[in-house]
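Chains S and F supply the protein sequences, listed in that same order.
When you line the first sequence up against my numbering, it's residues 3 to 295, in that order.
When you line the second sequence up against my numbering, it's residues -11 to 105, in that order.
C-beta: ideal position from N, C-alpha, C; glycine also.
Structure, as structure tokens:
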Amino acid sequence: MIELRGVTVRYGTTVAVDDITLDLPTGKIYGLLGRNGSGKTSLLSALASYRRPASGVVRVDGADAFENAAVMRNTCFIRDTLDANDSDKVRQLMCFAGWMRPGWDADYAAKLLDLFEINPAKRASALSRGQKSAVGVVLGLASRAPLTILDETYLGMDAVARAAFYRELLDDYLAHPRTIILSTHLIEEVADLFERVIIIDRGRLLLHEETDELRGRGVTVTGAAAAVDTFVAGRTVLGEQSLGGVRAVTLDWRPSAEDVTRGEAAGLTFGPVGIQDLFIHLTSPAQRLEATR
Amino acid sequence: MFDDRSPIYLQIADGIKNDVLSGALKEDEQVMSTNQYAAFYRINPATAAKGFAQLVEEGVLYKKRGIGMFVSPDAREKLRRERRERFFTEVVDPMLAEAGRIGIDVGEIVRHLGGAR
Chain S
3 MIELRGVTVR YGTTVAVDDI TLDLPTGKIY GLLGRNGSGK TSLLSALASY RRPASGVVRV
63 DGADAFENAA VMRNTCFIRD TLDANDSDKV RQLMCFAGWM RPGWDADYAA KLLDLFEINP
123 AKRASALSRG QKSAVGVVLG LASRAPLTIL DETYLGMDAV ARAAFYRELL DDYLAHPRTI
183 ILSTHLIEEV ADLFERVIII DRGRLLLHEE TDELRGRGVT VTGAAAAVDT FVAGRTVLGE
243 QSLGGVRAVT LDWRPSAEDV TRGEAAGLTF GPVGIQDLFI HLTSPAQRLE ATR
Chain F
-11 MFDDRSPIYL QIADGIKNDV LSGALKEDEQ VMSTNQYAAF YRINPATAAK GFAQLVEEGV
49 LYKKRGIGMF VSPDAREKLR RERRERFFTE VVDPMLAEAG RIGIDVGEIV RHLGGAR
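Structure (structure tokens):
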């Protein structure tokens, strides 16, 4: 179990992560979602013990993780910088990883470099954004670290490379189950791989839920304004839109079959809300306004 | 393959039930393991496992320890019975409602069905 207890990260007077408490059972794939500046990287830095929280603690299997060699050996945090010197060659980065990571699989790393068409003789400074991300994926997967954290390790990768990344991630996880945390903005293309989703907004935890529970959790009800209003009275409205006498209201609600039958009898139609749409509704400024009203 | 309208585990369960009903999966036949299923459909294995667990709970599949999961001998008959009970409320009644909205009377429907026989 990975436990975060009241974790707060501050930069001067800016609060990047605000009192987050989370229990993350090990052996699962987590998706961390949040808008730009919501605190994803700061949270992951604290989780990986790259940064000591201003307050709060991170425990891995009961032990305080900060400056804990045993925990850090098993923690692999891939950030966009790759934590490499510009003069390092890709081959050297693989070597360093092999020295540091007890679970390093050099053959698998070579196979992945080949798959992503990365020349190991290239210097880190000469890699394109997408190639840099691909090297990050190689380091992250071939480390086979019990806690692997990939912070937006897809930036600049084209659709083919991203598809290869997701395929390798799943296949390697199936063969070597471990805890993997991925932060991403590309929700729709990768959500099927997440067992759980964590959403943060403005430094705070908004939601931590099984991904499958979010499917069909929201619904959009459309119809004559009066009929819609009567039907949705008392429910949590995430968004609404009107045109003439027609109104479409998105709700954080999973209607039962009877609800749908009753609604349809009243001339209403029901539409699904995908995970990405749910995320947009939950974190858009209009919704914040709604919540504070 | 899967959509966002409902939890994937329910969609997995429905897909396998359809295969049992159509005969694509025979009784006592072994089904894919959850890992094979996850790798094939590119989904998280815990989601696949939940779909299979749902089918075991409903008696459509049964487990053989250490070997895998199999189609229950009476699964097809049971599913047919359930679907037949729901056929009139879920298929026929909505059709009659639509017919009513657009002015098709029952006699016309019966004549059409007679022709299809």
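Any Cβ of chain S closer than 9 Å to the Cβ of F75(F) would place that residue at the interface, and such an atom is absent. A distance of 9 Å or more separates the beta carbons of V73(S) and S44(S). Contact between the stretch 64 to 84 of chain S and the stretch 125 to 144 of chain S is present: 3 or more CB-CB pairs across the two stretches fall below 8 Å. Between A67(S) and S57(S), the CB-CB gap reaches or exceeds 9 Å. For the pair M96(S) and A112(S), the CB atoms are nearer than the 9 Å cut-off. Assignment of R264(S) by DSSP, reduced to helix, strand and coil, places it in the helix class.
C78(S) is bridged by DSSP to T150(S). Note: L245(S) is bridge-paired with V248(S) in the DSSP secondary-structure output.
In this structure, the beta-carbon distance from L172(S) to L184(S) does not fall below 9 Å.
The Cβ of D2(F) sits no closer than 9 Å to any Cβ of chain S. Residues of the stretch 145 to 175 of chain S that bring their beta carbon within less than 9 Å of a beta carbon in chain F comprise Y168, R169, L172, D173 and Y175, in sequence order.
Close CB contacts of R237(S) within its chain, under the 7 Å cut and outside five residues either way in sequence, are with L253 and W255 (chain order). Around the beta-carbon of R146(S), 16 or more other beta-carbon atoms lie within 10 Å, marking it buried. The C-beta of A41(F) comes no closer than 9 Å to any C-beta of chain S. The C-beta of I90(F) comes no closer than 9 Å to any C-beta of chain S. Across the set E15(F), K38(F), L13(F) and S21(F), the C-alpha of K38(F) shows the shortest separation from the C-alpha of P(-5)(F). The stretch 5 to 34 of chain S is shown to contain whole beta strand (DSSP E) runs of 3 or more residues at 16 to 26, in chain order.
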